[in-house]
Every structure is written in structure tokens, then in C-alpha cells.
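Numbering (my numbering), first residue to last: 299 to 634.
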């Protein structure tokens, strides 16, 4: 019993092991309930279900922040909520990219949740690696935060003045080309399967083939990795606590994936969101350099400014585009 107590209270990346285990238990329970109960059968997720699912994930994230408040204090909780908000906001562009990927491979809506669900498992692992490396760098080299700050300032200014970009040609994606060269791929969907065994003419036995569902999963994981390059340094600029950085990341991504089906058809309406996100990145990057001049900016102020900028961008966007009709995933495919 003493050994178990020692293990649970032992420090892991600055936080007691039992807090990490509680977090991982919550995430595992959510994923099991999502796939094993709510989506045991493959069906098309409509906007109402998407919003309800997001509401559930969002509520769990908010309650987790309350628990962090009681266990680690008000500052940690405010940093969690700020990271939670920033990650959800910065990942919204990823929704549009995911919609393009599904459109490119003509993945029916009833199978899209399966791809997003298994993609979350990849996110849990990849974000852990990125945040672990980032935490080690920050701990070893204090000046790396200024590199993060400069990167965020540069990214924010670039986003603020960037022209509208054309949609990427997914057929020319080097990762997709690599996968097609090194494994057998079928162009046909085979239900909800990522891999199938097929026997082609001239073959003595069935061979394993990847399906378009697997290719979509690979590109969505790649897209998340690219977007994480912005979001992870942004949260490290708020707090250097690996527990707060990681948990806020994962809860935000869980909610955003649930919200995908409601957001995909509405992303064209968020015309000012890009500028709001750019200002958030500039504010967060600037905080790092201001820290040396005026001291640490209170977490409640960071949360308030971040929320205000994002809420302003969303409200202005919805008012500007209130007469525009919704678009379908098929429309996104035609534009690509």
C-alpha cells in the first residue's frame, strides 16, 4: 500500500502521477463511450447531434478546469481555460482542411466520424511527444520562449496581411505519394475498413490493401501536426506546465472533432476569424517580450483578451455573412 501511495504521489513532469492518471482515465472513458455506445453503428452525424456531442465534451473540459482549480489553484485553472480556448480557436482552420480531405477521397459522412475518432488517438500520442520535447527545451533553455514568441509574432503578422490562399492540391501531397508508392492501395471504399484483403488477377492469395479511409486518416494526422506547430508554442507562451499544456490541448481537440460536423458547412461564414486569430497570436507572442519589461501578465487578463478577440471575430463574421447559405462537404470538394 505504501508503494502504491508513493507511486501515485510521485512527481511526473512537475505534477503528481495520480493527476495524470485521472486525466488519462477521463479521456479513455470518453473515447470508449463515444465509439462503443454513441457511435457503435455507422451513421451520418447531423448538426444537432454534432452540437450535443460538442456540448458534452466542452462541459467535461470546463469541469476538468474546475477540478484543476481545486487541486492546483486558480492560476493553473485560468491557464488551462486560456489554453483550452486558444487550442480550439487555432484548430478551427483544421476543420476546413479536414472537410477538403474527406471531399477529395469522397468519404461518405457516415464513415467520417470513424476517421476522426481514430485520428484522436494519433493526436494524443503526437501531442504528448511534441509537448514533452517542448517542455524539455523550455526547462533546459529559458531563451527558447523568446524563439516561440518571435515565431508567434511572425505567424500572426503574416496571417494578418496574407492574401486568400488557393486550396492545396492534395493529389500532389508528398506524404500521400509516399504512402501510395510503399503500400498497396485500393481506390474503392470497403465500408468502414481502413485495410482489406483483396485477391487481384494473377495473385495466388488475397493481399492486404489500404483503403481511401486510411489515406484520409494519414492526411488528417499530418494536418493536425502542421497546425500543432502554431498552437503548442502559443500555449507554452501562456504556461510552461506540461500538465496544463497537454490537458488543455487534448480536451480542446476532443471537442473540436465532435463539432466538426456542425462547423464544416459553416466555415465559409467565419470571414474575420483569421484576423482575430492573428491578433491572438500577436498578443501571446508579445506577452513573452513584455514579461521582461513589466512582469508577468495576470492569467485572467490573458484569458479575457483572448476571449474578447475571438468572440469579436466570430460575431463580426456571423453578422457580415448572415445572408449566405450553408455549404456542404461536396461544395468544398468542387472548390479544391
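C-beta: ideal position from N, C-alpha, C; glycine also.
Note that the coordinates shown come from a computational prediction; the quantities given were computed from them, not determined experimentally.
Check whether residue i and residue j have beta carbons under 9 Å apart
i	j	result
residue 450	residue 532	yes
residue 578	residue 387	yes
residue 486	residue 504	no
residue 608	residue 554	no
residue 403	residue 513	yes
residue 343	residue 410	yes
residue 389	residue 502	no
residue 582	residue 604	yes
residue 548	residue 321	yes
residue 567	residue 616	yes
residue 575	residue 359	no
residue 432	residue 534	yes
residue 317	residue 385	no
residue 341	residue 408	yes
residue 546	residue 377	yes
residue 447	residue 610	no
residue 300	residue 308	no
Identified DSSP bridge partners for residue i
i	result
residue 313	310
residue 508	483, 493
Nearest-angstrom Cβ-Cβ length linking residue i and residue j, presumed shorter than 8 Å
i	j	result
residue 333	residue 400	Contact flag wrong, Cβ pair sits at about 18 Å.
residue 374	residue 366	5 Å
residue 580	residue 455	7 Å
residue 306	residue 418	Wrong, their Cβ atoms sit about 26 Å apart, outside the cutoff.
residue 469	residue 493	The Cβ separation is near 22 Å, so there is no contact.
residue 429	residue 436	Not quite, the Cβ-Cβ distance comes to about 10 Å (not below 8 Å), so this is no contact.
residue 537	residue 569	Contact flag wrong, Cβ pair sits at about 31 Å.
residue 458	residue 573	6 Å
residue 412	residue 490	5 Å
residue 588	residue 595	7 Å
Decide if the segment 345 to 357 is in contact with the segment 546 to 560; the criterion is three or more beta carbon pairs, one per stretch, under 8 Å apart. yes
My parser needs the alpha helix (DSSP H) runs of 4 or more residues fully inside the segment 329 to 387; what are they? 345 to 370
Touch check for the segment 375 to 387 and the segment 533 to 542: three-plus C-beta pairs under 8 Å? yes
Tell me whether the segment 424 to 443 and the segment 513 to 529 touch, counting them as touching only if at least three CB pairs, one residue from each stretch, are closer than 8 Å. yes
Tell me the start and end of each unbroken beta strand (DSSP E) in the segment 516 to 596 that is at least 3 residues and wholly inside, in chain order. none
Taking only runs of the beta strand (DSSP E) that begin and end inside the segment 393 to 480, which ones reach a length of at least 3 residues, in chain order? none
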